[in-house]
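Below is one structure, written out as structure tokens; the observations come after it.
Numbering (my numbering), first residue to last: 220 to 1083.
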């Protein structure tokens, strides 16, 4: 049945503090009236006949009584029928709320690294390049939101939400509630009625006393500017009829995600449409700039081997025709306070803007050691350019005497094994011993395998090489193994003692091992059990950074893989140095994009705690138990490092260039073997995941510490001193904590944010000794954010124009934006749960009273 309003009993006003919406509460009495004509006829006719019959019966029954008694008895009986009729109409009350939703404005601020650039460009400064006295774009945004009245003016009509964006949208960081009188006048009412909801109100900032660290909130840190993605996400998540507009404060840079023009079209076509107002930050002039975009040098060379080159790429903008001096300087890496010694210099001239010039310095490795090479450039001449500060980039080169020793074990002669074996055998700085498990010991002399030593079994005195006694102490050939390459190894051919030796060698002697999964023997790692039900190869599985699937993969071998799939690299995989197949990170990314990919990948259940995943396989046969199988991952195990490759198909890189295949395996071997190279007789060593970071990223530091008895040094914490690029010591001194995954291994971890460009130097004293662990990290500016730092007025104007918004300058926005944004507050009505009224106790007593009085009266009148 339909409901109908009968009576308005009460109107009250309260403020809902959780939603900050003004509410009018109306309490109404309603009845269930008949809906159709037939219902009216049946219900109405029935009650009408009941009333008529009652009147006729009572008139007939009391005809001998006086008129008073006739009306007396009839009144009580008709009153009873009236109450029954009222109950039949089902009276109930229902609260209807009129909810007031305030208008909203979204302020989204760019926090990409381009916001470090100066907010405006002075003519003289443009020539000199001194930006120290000119506020950055980020600082200008801080002043706009913190010191101007913009937010306060917007709060007169709107709630103000603060978001930021760079690589992705973040927020809301803070919500400033409106000063709308329809809310503010009712706060006392809500305080009395809902004092138990005080915690809910903390989500919104209704007090100016709560301060915000605007400088930290708007600190530039993003390596990309995904402006289009930010607008699209806002349109999809915050749009509703109360949204007055989205205000984007940015320099207009957009180098990631979708095109902002596409996002603008989506905002226009949204229901309701979203108006975007843009505020341009930064100069439209191209700043004069000099930089060294990259320095290329081998990470390791050998004394007495071929000469090597140190290449620097110098690039500038608007530098004129003045010549530049490029110097090469050097000092021992261990002594950062030692003076730099100039060893070479060249004069160059930049021909075109943003076009790097290669400067090559030829070097001959004469003395063993670890050296820091610094390339420095600065303008010559008498122009204003000569006042620019010199620009520097550095590179660490290790000049070593001994080679790197690799033990290669293969369950069969796979393509990856053959190509890698041949390449490593030709490498002048690597010694390689080979054990191909399919070779019959009785015919080993007839087998040709390019190696320094062809083995027929696992070395009995591992990690000593079988020919260790034949190697002279002063020889460049090492006596112990540094790295094991395990190509789908038949681990049953290595006894339990040998497998334990491998685990202890990685754990305690900083050995490096690379597992290359295959279809033949890798399944046995999880399938084969001991008599007591434990895994037979537990010591080898502990070294794996991934959890191998224990499902029967036999059916997968029957599946025909006809299409290769490219590798899906993680953010870590895109940034680590050993996966850079070219000298330039950007060109390396292009190589991996060009790589057609692989056909199969061994299934995994996921990564182990503390492991780093570099890439996944996402092909048609990649239905792993927990998402896509892991293709490439690593973990530190004790003082050593283990790496996992999910398929023996790296040889397919040769389809692009043989050099890429060679670089991959050479860099992987050096990556896992770095622990052995650093170890020596030291009680501590650093185990960094990478040494190059971008501005704004978190630098991760890991160290391994040992006691003089070469046992893990167990401490509650360790101190870490960080020296910033400008030579200051970061305060307070940072604390390193035990690695949760390697508490008993003497490993400690800590991190800090890279807020400055240049070289960070880290020093960690080994407790109880004079030894200090030292490491350096280089912090770079992403090229995406520096290629063109000018304000893109065209893009910002188009973005606002498409959505019927407007473009503002930093000066105009303070006055014009608050008047431009119209309030879009709305009222909506909500019916609450009905409460029945016919079942009240007083109605029962009233019915009993009416019937009782009537019965008593009839008794006295002798009518009952």
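Using N, Cα and C, we set each Cβ at its ideal position, and we do this for glycine too.
Inset, instruction - Mind checking who residue 531 pairs with in its DSSP beta bridge? - result: According to DSSP, which records beta bridges pairwise, residue 531 is partnered with 514, 578.
Inset, instruction - Tell me where the beta strand (DSSP E) around residue 520 begins and ends. - result: 519-521
Legend entry - Paired residues, beta bridge with residue 654 - DSSP: In the DSSP output, where bridge partners are listed per residue, residue 654 has 628.
Inset, instruction - Could you check which residue in 870, 887, 873 has the C-alpha nearest to that of residue 851? - result: 887
Inset, instruction - Would you kindly check if the distance between the Cβ of residue 1054 and the Cβ of residue 970 is under 7 Å? - result: The Cβ-Cβ distance between residue 970 and residue 1054 does not fall below 7 Å.
Inset, instruction - For residue 560, I'd like the list of residues in its chain whose CB is within less than 7 Å of its CB, leaving aside the five on either flank, ordered along the chain. - result: Scanning its chain for C-beta atoms nearer than 7 Å, with the 5 sequence neighbours on each side dropped, one finds around residue 560 the residues 548, 549, 550, in chain order.
Legend entry - Complete runs of the beta strand (DSSP E) confined to the segment 265-345 [at least 3 residues]: 311-320, 322-329
Inset, instruction - Could you check what DSSP says for residue 646 in three-state terms: helix, strand or coil? - result: coil
Legend entry - Euclidean distance between Cα positions of residue 1010 and residue 486: If you take the alpha carbons of residue 1010 and residue 486, they lie about 23 Å apart.
Inset, instruction - Just the C-alpha distance for residue 322 and residue 981, rounded to the nearest angstrom, thanks. - result: 51 Å
Inset, instruction - Have a look at residue 944 and residue 359 and give me their C-alpha separation to the nearest angstrom. - result: When rounded, the separation of the alpha-carbon atoms in residue 944 and residue 359 is 25 Å.
Legend entry - CA-to-CA distance, residue 1040 to residue 917, given in whole angstroms: Straight-line spacing of the CA atoms in residue 917 and residue 1040 works out to 39 Å.
Legend entry - Spatially closest choice to residue 669 from 637, 764, 434, 718, by CA coordinates: Considering only alpha carbons, the answer is 637.
Inset, instruction - Find out if the Cβ-Cβ distance for the pair residue 367, residue 378 is shorter than 7 Å. - result: No, these two residues do not count as a Cβ contact at 7 Å.
Legend entry - residue 290 classed as buried or exposed, judged by whether at least 16 other C-beta atoms fall within 10 angstroms: exposed
Legend entry - Beta-carbon gap between residue 650 and residue 696 smaller than 7 Å: yes
Legend entry - Chain-order list of residues whose beta-carbon lies under 8 Å from that of residue 871 (same chain, five-residue window excluded): Closer than 8 Å at Cβ, skipping near neighbours: 783, 814, 815, 816, 817.
Legend entry - Residue range of the beta strand (DSSP E) that includes residue 374: Unbroken run through residue 374: none, as it is neither H nor E.
Legend entry - Assigned secondary structure, residue 804 (DSSP; H/G/I helix, E/B strand, else coil): For residue 804, the three-state secondary structure derived from DSSP is helix.
Inset, instruction - With DSSP collapsed to three states, give me the class of residue 1020. - result: helix
Inset, instruction - Determine the direct distance from the alpha carbon of residue 535 to that of residue 575, and round the result to whole angstroms. - result: 8 Å
Legend entry - Coil, strand or helix - residue 924 by DSSP: strand
Legend entry - Close Cβ partners of residue 729 (< 6 Å) along its chain, the five nearest in sequence each way excluded: Hits under 6 Å: 858, 859, 894, 895, 898.
Inset, instruction - Look up residue 700 in the DSSP assignment and say whether it is helix, strand or coil. - result: coil
Legend entry - Entirely enclosed beta strand (DSSP E) segments - the segment 828-863, minimum 3 residues: 831-836, 849-856
Legend entry - Chain-order list of residues whose beta-carbon lies under 8 Å from that of residue 921 (same chain, five-residue window excluded): 855, 905, 906, 907, 908, 958, 966, 967, 968
Inset, instruction - Pick helix, strand or coil for residue 892, following the three-state DSSP scheme. - result: helix
Legend entry - N-terminal and C-terminal residue of the alpha helix (DSSP H) that residue 795 is part of: Neither: residue 795 is in no alpha helix (DSSP H) and is coded neither H nor E.
Inset, instruction - Pull up the distance between the alpha-carbon of residue 748 and that of residue 754, whole angstroms please. - result: 5 Å
Inset, instruction - Would you mind listing the alpha helix (DSSP H) stretches within the segment 421-484 that are 4+ residues and don't spill past its ends, in chain order? - result: 433-436, 446-457
Inset, instruction - Give the straight-line distance between the Cα atoms of residue 1032 and residue 498, rounded to the nearest whole angstrom. - result: 7 Å
Inset, instruction - Please report the residue range of the beta strand (DSSP E) in which residue 941 lies. - result: 937-942
Legend entry - Given residue 595 as reference, the closest of 661, 564, 691, 477 once Cα atoms are compared: 564
Inset, instruction - Go to residue 501, then tell me how far its beta strand (DSSP E) extends in each direction, as first and last residue. - result: Per DSSP, residue 501 belongs to no beta strand (DSSP E) and is neither H nor E.
Legend entry - residue 544, DSSP secondary structure in three states: strand
Legend entry - Where residue 570 falls: helix, strand or coil (DSSP): coil
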